[in-house]
Structures are given as structure tokens and as C-alpha cells.
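Chemist: Going by the numbering used here, the sequence shown opens with residue 27, and the numbers climb by one from there.
Please find one structure pasted underneath; my questions will follow.
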Amino acid sequence: MCGICGQFNIDNGPVDREAVRRMRARLAHRGPDDEGELYDGPAGLGFRRLSILDLDNGHQPMVTQDGRYAIAFNGEIYNHPALRRELEGKGARFRTRSDTETILELFAREGAQALARLSGMFALALWDRQQRRLTLARDPMGVKPLYYRFDGKSLAFASELRAIMAWQQGWALDPAGVLDYLAYGKVHTPRTVLRDVLKLPPATALELDAKGLRLHTYWRLPRHRGGRPAPLSECVDQLDRLLQDAVRDNCLSDVPVGAFLSGGVDSALVAALMARQAGPGRVQTFSVGFSGGEPGLDESSYARIAARHAGTEHHELLLPANVLEQLAGAVDLLDEPIADSAILPTFLLARFARQRVKVVLTGEGADELFAGYDRYKAAWVNEGLQGLPAWGRKMAAPLARRLGKGAVFERLPIDDARQWAQATASSAPEDLRAVLSPDFWEASRHIDALEWLKDFEGMDHLNDALAFDLKTVLCDSLLMKVDKSTMMASLEARVPFLDKAVVEFAAGLPSSFKIRLFKGKYLLRLVARRYLPESIVWRRKHGFIVPWEAWVRDAGNRPLQELLADSAFAGCGIFDMSNLKAFHQELVRGSREIEAGLFFRIAVFGLWLKSLDRERQAAL
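Encoded structure:
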């Protein structure tokens with residue numbers, strides 16, 4: 027895993043080398059082992075390396091032997107050994123063992139069509155010296171981030187948002203991105219919180235040359251088409267084989283590989299498969315717990331059960347229950363605001379694991395592929411409602427709403443992606459209006475807060491809800507959290523559940539294999555029974571719970587008090603500071619006039635703004 031950045035001027039003007047170097051310096055934590063740069067007239071590539079494969083020869087940017095193509099690449103390609111053998115059979119000769127060179131040679135032969143053949147996680151920039159064309163690309167699931175800014179003449183790109191900010195002094199917040207963040211705790215692709223800075227969507231290639239900028243999608247998530255599925259037992263065997271292959275491929279490395287281990291079935295299954303392949307005591311696992319073992323917070327005891335059962339060398343990091351007192355310091359390191367309280371303990375765990383390994387495998391993606399969250403039970407019920415005639419749906423809907431709790435059940439039946447998005451939003455528009463300044467609210471009224479939904483189809487099937495969350499919740503929140511928190515510690519995180527073969531297999535499964543008798547991840551749990559104790563296999567979804575609400579309601583919360591008194595925060599013009607202070611007092615008194623989660627999102631956003639202001643002042 028690394029950091030990439032660069033610039034391309036389509037008017038053939040020379041690259042601002044100092045600007046590229048500023049971007050590269052901002053990515054130092056992503057690649058402390060090596061750095062490189064390449065300049066060719068109007069194009070420049072910058073690179074920071076975290077050495078994982080071919081430690082001595084993986085320097086980038088890398089250039090083809092004929093000098094035509096140059097690449098800066100962040101990520102890992104797990105099928106590169108097979109691709110390399112194929113290319114060698116066609117006469118290719120390699121100078122390194124690096125997957126970077128495999129991509130370079132494949133692209134030189136097949137062009138952008140090569141992207142669909144890559145299995146792994148990546149963000150890359152490829153410069154064609156002959157055609158004077160820059161190609162940017164991002165992996166199918168969006169594991170690796172890539173940001174860009176194009177003003178019609180110059181394009182800058184980078185692995186992190188703050189690196190883009192270092193390219194040009196001066197930036198402005200994007201009202202649509204800010205509203206998106208406040209409503210959902212994340213900013214949906216392609217938006218960011220900065221004006222004119224975009225995220226490249228997953229499975230997308232961007233090409234820029236004298237003809238202009240073009241985007242094209244090189245891979246699409248398959249849709250379940252109905253029909254009679256294979257027998258359940260065969261699907262269990264097939265998923266087992268696919269996961270074994272994915273874990274084996276994700277362990278490809280020339281440095282030590284470990285695993286994050288919670289008390290849940292997803293990470294426990296990954297760790298168990300790693301241990302089965304490597305042998306007893308040869309896999310290191312890492313978990314986080316809270317000192318005192320507070321009920322509802324600490325699940326480290328289940329992680330220990332999973333570790334003992336798998337035979338891993340287990341390491342446990344104990345954090346104080348008041349760990350969020352360190353949040354302001356973590357936000358200083360954050361590339362962009364992410365309203366997930368788990369990002370702090372995840373970063374601390376990553377820093378802890380980095381003392382022993384350079385790569386970890388995690389369990390992200392299993393919930394969105396195999397229906398692990400309670401809201402998917404509502405989507406499953408909704409699928410049944412959609413199969414009824416209109417009169418039957420009207421009669422059955424009240425009963426369906428009583429089958430579960432939460433906003434999604436309350437809104438049944440749900441007919442389209444817009445309704446699903448509204449049901450899963452963290453805050454309603456009226457809550458936002460209460461805390462936003464009148465000027466900002468008025469200026470943002472013309473914004474379609476759900477404009478990012480335009481590419482989504484209906485919502486009449488459980489798999490539609492899963493596909494929606496794969497492209498939004500997973501990509502724009504969970505994977506961002508993992509990337510930012512681990513890369514702050516110079517640790518590479520890999521996600522075997524998001525192996526392309528596993529994703530395509532899961533997308534083709536019927537709903538009945540994912541939820542059965544109101545139990546989510548049914549098929550995955552049947553696989554897990556082969557490797558894990560029953561107490562882990564059938565354990566209810568717990569999640570990484572951090573006491574953020576108590577932090578928000580704490581009258582002695584010094585970072586919050588300082589934030590509410592900060593002139594720079596007030597001066598951003600987004601919030602009605604009088605209302606915000608009054609609402610905080612209500613929260614401290616225990617009132618629920620304003621949803622506490624919204625205040626947490628505002629607090630993270632404000633702390634992030636303060637860190638940017640300090641950074642800007644230091645640069646003066």
C-alpha cells in the first residue's frame with residue numbers, strides 16, 4: 027500500500043514540480059519506505075511507498091522498458107502471479123517480482139481493458155508518453171481512494187484529500203458535500219466536502235488528453251436474475267472454496283501478515299482460514315478491548331475465544347472507556363471528516379499491530395454481501411411485499427412494520443432507492459435546518475441532497491439494498507475508515523471478502539440463502555460452522571461500539587467547549603451558533619430535542635475544520 031499523486035496539464039504547460047512534491051510530502055505516512063517522482067513535460071507523477079512485495083525492486087514511478095508508459099500504483103493485485111505467467115508465455119520479460127510491473131506490462135498490451143482483469147485493491151495513475159494521455163483508475167469495490175480536481179486545463183490527483191489541498195493554496199467547502207456529510211456521516215461518491223474536488227468512483231477509469239476528460243465503468247456488480255439456484259449444500263462448498271482462495275491470495279506478501287479480530291463471525295472466519303493455511307501459532311491476530319470490560323462495549327472475550335479456537339498468536343490492546351477524549355488528536359490526522367466513533371480505536375489498534383506486522387486482513391464487506399445488518403431484514407420483508415398485488419401490499423404493510431424495529435421497518439413498503447436512502451439517513455432535514463445558519467440553509471435549498479442516487483435502480487429485492495450499501499455505506503464510510511485509520515499508522519489493510527470472485531458469487535445468490543428465519547448471513551454462517559465454535563457462529567451482530575453519546579453529553583467535554591467558542595468554527599458560516607450551543611446544553615441535561623448523533627457529526631466536522639485552520643496558519 028502506498029500513496030500516489032500527480033498533475034497533468036492538457037495545454038502542454040510544464041508541471042509545477044514543487045506542487046507535486048507538496049502533495050507527495052502530505053502522503054508520507056502512506057509510504058515511509060521510499061519515494062519517487064517522474065516528470066515528462068505536462069505530466070508529473072509522485073509516489074510514496076510502503077514496501078510489501080519485492081522489497082528491493084518495487085521503486086515507483088515505474089516505466090516500461092520501451093519508455094512509453096509510466097505508472098504510480100497504490101494497492102495489491104492478488105492475481106498478478108497468474109497474469110505474469112500468462113504474459114511470460116506471450117514473450118514478456120520482467121525485471122522485478124512486483125505486481126506493479128505486471129500491471130504495467132498488461133496495460134501496455136491491452137490498454138484500459140486490462141483493468142477488468144485485475145483482482146485486488148488499487149488506485150493507479152498511468153501516463154502514456156506517446157499519446158499524451160493520463161489514465162486514472164480505482165478498484166471495483168473502492169477499497170483504495172483516489173481524489174482529483176480538474177479546472178478545464180490542469181488535473182491534480184492524489185490518494186488523500188489533504189494532498190489535493192496542498193496542490194493549490196486556497197480551497198472552499200462544497201455546500202452539497204457538507205449537507206451530505208451532516209445527513210449521513212459520510213460524503214457520497216463522487217462528491218467530497220471540498221468544492222471542485224471529486225472522488226473517482228469504484229470500477230471507474232478516467233482518461234484525460236487533448237480531447238478532454240472521459241469516465242467509463244469497466245466492471246459492474248452482477249444482479250441476481252432469479253431462477254432456480256444450486257442446492258444450498260453446493261453453495262456452502264463453493265463459498266468455502268472461494269473464501270479459502272481469497273484468504274490465501276490476500277496473504278501474498280514479503281512481510282509479516284496478521285489479522286484484526288473482533289468477536290464477530292466475519293473477522294473470526296478470516297483469522298481461522300489464515301491459521302488453517304499457515305499452521306498453528308503462525309498467524310498473529312489483534313483485537314481491542316476496553317479496560318474494565320464495560321457491558322455492551324467490550325467484546326474482547328469473544329475475540330480470545332476465536333483466537334484460541336484458531337490457534338493464533340493473539341495480541342490485545344486495552345483502551346480506557348473514555349478513549350474519545352483523544353478524538354481531537356485523531357481528527358488532526360484525518361484526511362477528511364468521518365463520523366464514525368470507531369475510527370479512533372481502529373487507528374490505535376492499527377498502530378499497535380504495526381509494531382509486529384505490516385499487513386492485516388479484516389472482515390469488512392461480509393455484512394453488505396451476505397445481509398448482516400438488521401435493516402436488511404426489513405429489505406427482505408419488503409421483497410415479499412413487492413411480490414403482492416397492490417391491495418395485498420396495502421393490507422400486509424402494517425403487519426410487516428411490526429416485524430422489526432428502526433426507520434426502515436417503519437417506512438415499509440419501500441419502492442425505490444430514494445425512499446431507502448431517506449429511511450437510512452442519520453438525520454432528517456428538519457434536524458439539519460435547526461442547526462444550520464439561515465444564510466447557509468437558504469443558499470443550499472436549491473441543492474438536491476439525493477442527486478447521487480441517479481445511478482441506482484429499484485429497491486424491490488434484498489439484493490438491491492445490498493448493492494446500494496456496497497456502493498455507498500461500504501465504499502464511502504467503512505472502507506474509508508479502514509483506509510484512513512490504518513494508513514495513518516503505515517499499516518496495509520486487506521479485505522478478502524471483497525475478492526472479486528466472492529463478490530460476484532454473493533451477488534448472484536437468492537435472498538433465501540442470505541436471510542433465513544430472520545437470521546442474517548445464513549450461508550456465510552454455515553461455512554463458518556466448519557471452522558468456528560457455535561458461540562461465535564450464531565452470535566448476534568454487535569458492531570464496534572464506542573461510547574460517543576456519553577462523550578457528546580459530557581458537560582466537562584473540553585474539546586467540545588473549545589469548539590463551540592472557536593471563532594474560526596463560527597466563521598465558517600454553516601451553523602447557527604446560538605442554536606448549536608443551546609442544543610448542546612439540552613443534550614447535557616439529557617434532552618433529546620436534537621439527535622445526539624447529529625451533534626457528534628458536527629463535532630467531528632468542527633474539529634476537522636480547526637485542524638485545517640491550524641495547518642493553514644502554520645504554512646503562512
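From the three backbone atoms N, C-alpha and C, an ideal C-beta is built for every residue, glycine too.
Keep in mind that this is a model prediction, so the values were computed, not measured.
For Arg428 and Glu260, I'd like the C-alpha separation in whole angstroms.
Modeler: Roughly 35 Å separates the two Cα atoms.
Chemist: Tell me whether Cys598 sits in a helix, a strand or coil according to DSSP, three-state version.
Modeler: Here Cys598 sits in coil by DSSP.
Chemist: Give me the Cα-Cα distance between Asn588 and Gly582, rounded to the nearest whole angstrom.
Modeler: First, the residue type needs correcting, since residue 588 is Glu and not Asn in the sequence shown. Answer to the nearest angstrom: the Cα atoms are 11 Å apart.
Chemist: What are the partner residues of Thr311, as DSSP defines its beta bridges?
Modeler: Answer is Ala285, His340, bridged to Thr311.
Chemist: Do Val213 and Ile600 have their CB atoms nearer than 8 Å?
Modeler: Contact flag unset, no.
Chemist: Excluding the 5 residues flanking Ala449 on each side, which residues of the same chain have their C-beta closer than 7 Å to its C-beta?
Modeler: Hits under 7 Å: Ala433, Val434, Arg437, Ile440.
Chemist: With 16 as the cutoff for other CB atoms within 10 Å, does Gln195 come out buried or exposed?
Modeler: The residue is exposed, with fewer than 16 neighbouring Cβ atoms inside 10 Å.
Chemist: Of all the beta strand (DSSP E) runs that stay within the bounds of the segment 472-534, which reach a length of 3 or more residues?
Modeler: If we require 3 residues or more, the beta strand (DSSP E) runs fully inside the segment 472-534 come out as 518-520.
Chemist: If I'm right that Leu109 touches Leu172 with Cβ under 8 Å, what's the distance once you round it to whole angstroms?
Modeler: In fact, because the Cβ distance is near 22 Å, the residues do not count as touching under 8 Å.
Chemist: Excluding the 5 residues preceding and the 5 following Leu479 in the sequence, name in chain order all residues of the same chain whose CB lies nearer than 7 Å to its CB.
Modeler: Correct list, in chain order: Ala443, Arg444, Ala447.
Chemist: On a CA-only basis, which of Gln157, Ala365, Arg274 is nearest Val96? Give me that one, please.
Modeler: Per the sequence shown, residue 96 should be read as Ala rather than Val. Looking at the Cα atoms, Gln157 is the closest of the given residues.
Chemist: Let's see if you can read the secondary structure: which residues bound the alpha helix (DSSP H) around Phe120?
Modeler: Here Phe120 belongs to no alpha helix (DSSP H), and DSSP marks it neither H nor E.
Chemist: Tell me whether the beta-carbon of Asp400 lies closer than 8 Å to the beta-carbon of Gly430.
Modeler: Their beta carbons are under 8 Å apart, which means Asp400 touches Gly430 by this criterion.
Chemist: Could you work out which residue in Leu132, Tyr548, Arg217, Ser367 is closest to Arg477 when comparing CA atoms only?
Modeler: Going by the sequence as given, residue 477 is Glu instead of Arg. The option with the nearest alpha carbon to Glu477 is Arg217.
Chemist: Along the chain, where does the alpha helix (DSSP H) that runs through Gly418 open and close?
Modeler: Run containing Gly418: 416-427, per the alpha helix (DSSP H) assignment.
Chemist: Less than 7 Å between C-beta atoms, sequence neighbours within five positions excluded: which residues of the same chain meet that for Arg556?
Modeler: Excluding residues within five positions, the ones whose Cβ falls inside 7 Å are Asp266.
Chemist: Less than 8 Å between the C-beta atoms of Val46 and Gly62, yes or no?
Modeler: In this structure, Gly62 does not lie closer than 8 Å to Val46 by Cβ.
Chemist: Between Arg308 and Leu64, what straight-line distance do the alpha-carbon atoms span, to the nearest angstrom?
Modeler: Cα to Cα, the separation comes out at about 40 Å.
Chemist: So, with DSSP's three-state summary, where would you put Cys277?
Modeler: It is coil, neither helix nor strand.
Chemist: Can you give me the start and stop residues for the alpha helix (DSSP H) that Lys607 sits inside?
Modeler: It spans 603-614 - the alpha helix (DSSP H) in which Lys607 sits, taken as one unbroken run.
Chemist: What whole-angstrom Cβ distance do Thr122 and Ile103 have, given they're in contact under 8 Å?
Modeler: The Cβ separation is near 13 Å, so there is no contact.
Chemist: With a threshold of 16 other CB atoms inside 10 Å of the CB of Trp564, please say whether the residue is buried or exposed.
Modeler: With fewer than 16 other Cβ atoms within 10 Å, it is exposed.
Chemist: I want to know whether the segment 505-515 touches the segment 371-381 - three or more CB-CB distances under 8 Å.
Modeler: Yes, the segment 505-515 is in contact with the segment 371-381.
Chemist: Once DSSP output is grouped into helix, strand and coil, what is the label at Glu114?
Modeler: The answer is helix: DSSP assigns Glu114 an H, G or I state.
Chemist: If you drop the 5 nearest sequence neighbours on each side, which residues of the same chain put their C-beta closer than 8 Å to that of Pro282?
Modeler: Cβ within range, chain order: Gln310, Arg382, Val383, Lys384, Val385.
Chemist: Run through DSSP, which three-state label would Thr90 get?
Modeler: Residue state, collapsed to three classes: coil.
Chemist: Just curious, the beta strand (DSSP E) that Lys225 is in, first and last residue?
Modeler: 223-225 is the span of the beta strand (DSSP E), which, as asked, contains Lys225.
Chemist: Rounding to the nearest angstrom, what Cα-Cα distance links His335 and Lys540 in this structure?
Modeler: Distance between the alpha carbons of His335 and Lys540 is about 25 Å.
Chemist: What is the C-beta distance between Gln86 and Ala69, in whole angstroms, given that I count them as a contact (C-beta under 8 Å)?
Modeler: At roughly 15 Å, the Cβ-Cβ gap does not stay under 8 Å, so Gln86 and Ala69 are not in contact.
Chemist: Met88 to Phe148, Cα distance in whole Å?
Modeler: Looking at the two C-alpha atoms, the distance is approximately 16 Å.
Chemist: Would the segment 291-306 and the segment 266-281 be scored as touching if the rule is three or more Cβ pairs under 8 Å?
Modeler: Yes: at least three Cβ pairs fall under 8 Å.
Chemist: Got a sec, what are the start and stop residues for the beta strand (DSSP E) Ile103 sits in?
Modeler: Ile103 -> beta strand (DSSP E) spans 95-103.
Chemist: If we ignore side chains and look at the alpha-carbon of each, how far apart do Lys170 and Arg164 end up?
Modeler: Rounded to whole angstroms, Lys170 to Arg164 spans 7 Å at the Cα level.
Chemist: Please return the same chain residues whose Cβ sits closer than 6 Å to the Cβ of Asn100, not counting the five positions on each side in sequence.
Modeler: For Asn100, where only same-chain residues beyond five positions count, the Cβ hits under 6 Å are Cys28, Ile30, Ala149, Lys170, Ser185.
Chemist: With DSSP as the reference, label Thr388 as helix, strand or coil.
Modeler: Reduced to three states, the DSSP call for Thr388 is coil.
Chemist: What's the gap between the Cα of Leu550 and the Cα of Val262?
Modeler: Their Cα atoms are separated by approximately 8 Å.
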